[in-house]
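Novice:
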Amino acid sequence: NAGVTQTPKFQVLKTGQSMTLQCAQDMNHNSMYWYRQDPGMGLRLIYYSASEGTTDKGEVPNGYNVSRLNKREFSLRLESAAPSQTSVYFCASSEWIVTGSTYEQYFGPGTRLTVT
Amino acid sequence: ILNVEQSPQSLHVQEGDSTNFTCSFPSSNFYALHWYRWETAKSPEALFVMTLNGDEKKKGRISATLNTKEGYSYLYIKGSQPEDSATYLCAFLGNMYSGGGADGLTFGKGTHLIIQP
Chain Z
29 NAGVTQTPKF QVLKTGQSMT LQCAQDMNHN SMYWYRQDPG MGLRLIYYSA
79 SEGTTDKGEV PNGYNVSRLN KREFSLRLES AAPSQTSVYF CASSEWIVTG
129 STYEQYFGPG TRLTVT
Chain S
555 ILNVEQSPQS LHVQEGDSTN FTCSFPSSNF YALHWYRWET AKSPEALFVM
605 TLNGDEKKKG RISATLNTKE GYSYLYIKGS QPEDSATYLC AFLGNMYSGG
655 GADGLTFGKG THLIIQP
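So the sequences go chain by chain: Z and S. First residue of the first sequence? That's 29 in the numbering used here, and the numbers climb one at a time after it. First residue of the second sequence? That's 555 in the numbering used here, and the numbers climb one at a time after it.
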């Protein structure tokens, strides 16, 4: 099993350009997440998707859009990239939560994005 | 925005010594507390998921305790080895609606642990 995969691994964009970060998981997880990691800030949640067809904003959603294409895939789009979006982006997935159960998140390898 | 604090930010420990560090989180609306281990150039990997006050979990030389009433968790490493060098993240999950679903974790900034031979 590949687990959680992300493409691309690295990307350089100019300010104003757009791009889509791809994420796929093969663990049949219902829930998927996008985080960004910045020095001194830790991991911050951008968007998440509890299940296919639903998405919700996290802590830092501005400047991003997401699409839960199917159960396996969850993409993150930057419509007009800004230097403040220079970061490392991690996708993660987990089982569906039901009352009384717990879960752990499985992370992809990350995408390092630089916006100049 | 939830406040999840980890201390210390970084820690240098001699090989063979034991160490511990702290995660503090909101004591209200608690659902779960996660610990992740994050090695340089890799992805975070789950160590423990803890839900009950008084929980203690153990994996090899690493263990964790949980106090939900006062809002803290400790991670302990016994007999540190060079391969324990990593950033250790804790993450808080608040109460959710009873119908099930998902929510993102609120992560602390991590404790960067360096084991010196």
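Heads up, the beta-carbon is just placed ideally off N, CA and C, and yes, glycines get one too. Source: prediction; values computed, not measured.
If I measure Cβ to Cβ from residue 122 (chain Z) and keep anything under 6 Å in the same chain, skipping five residues before and after, which residues do I get?
Specialist: 57, 59, 131, 133
Novice: At the 8 Å Cβ level, is residue 70 (chain Z) part of the contact set with chain S, yes or no?
Specialist: Among the CB atoms of chain S, one or more fall inside 8 Å of the CB of residue 70 (chain Z).
Novice: By DSSP, does residue 564 (chain S) sit in helix, in strand, or in coil?
Specialist: strand
Novice: Roughly how many whole angstroms lie between the Cα atoms of residue 140 (chain Z) and residue 89 (chain Z)?
Specialist: 18 Å
Novice: Check whether chain S comes within 8 Å of residue 133 (chain Z), counting only Cβ atoms and requiring the distance to be less than that.
Specialist: yes
Novice: What three-state label does DSSP hand residue 112 (chain Z) in the structure shown?
Specialist: helix
Novice: State buried or exposed for residue 566 (chain S), treating a residue as buried only when at least 16 other CB atoms are found within 10 Å of its CB.
Specialist: Looking at its Cβ environment, which holds fewer than 16 other Cβ atoms inside 10 Å, residue 566 (chain S) is exposed.
Novice: Which class does residue 66 (chain Z) belong to by DSSP, given the choice of helix, strand or coil?
Specialist: strand
Novice: Among residues of its own chain, excluding the 5 on either side of residue 30 (chain Z), which ones have a beta-carbon nearer than 7 Å to its beta-carbon?
Specialist: 54
Novice: At 9 Å on the CB atoms, spell out the chain S contacts of residue 118 (chain Z), in chain order.
Specialist: Proximity of chain S to residue 118 (chain Z) at the Cβ level (cut-off 9 Å) is accounted for by 597, 598, in chain order.
Novice: Kindly indicate if chain S contains any beta-carbon less than 8 Å away from that of residue 106 (chain Z).
Specialist: No - not a single Cβ of chain S is within 8 Å of the one on residue 106 (chain Z).
Novice: Inspect the CB distances between the segment 597 to 617 of chain S and the segment 626 to 635 of chain S and report whether three or more fall short of 8 Å.
Specialist: Yes, since at least three Cβ pairs between the segment 597 to 617 of chain S and the segment 626 to 635 of chain S fall closer than 8 Å, the two stretches touch.
Novice: Find the nearest neighbour of residue 563 (chain S) within the set S:572, S:578, S:556, S:571, judged by alpha-carbon distance.
Specialist: S:578
Novice: Give a yes or no on whether the C-beta atoms belonging to residue 118 (chain Z) and residue 50 (chain Z) are separated by under 8 Å.
Specialist: no
Novice: So, is residue 665 (chain S) buried or exposed, given that buried needs 16 or more other C-beta atoms within 10 angstroms?
Specialist: buried
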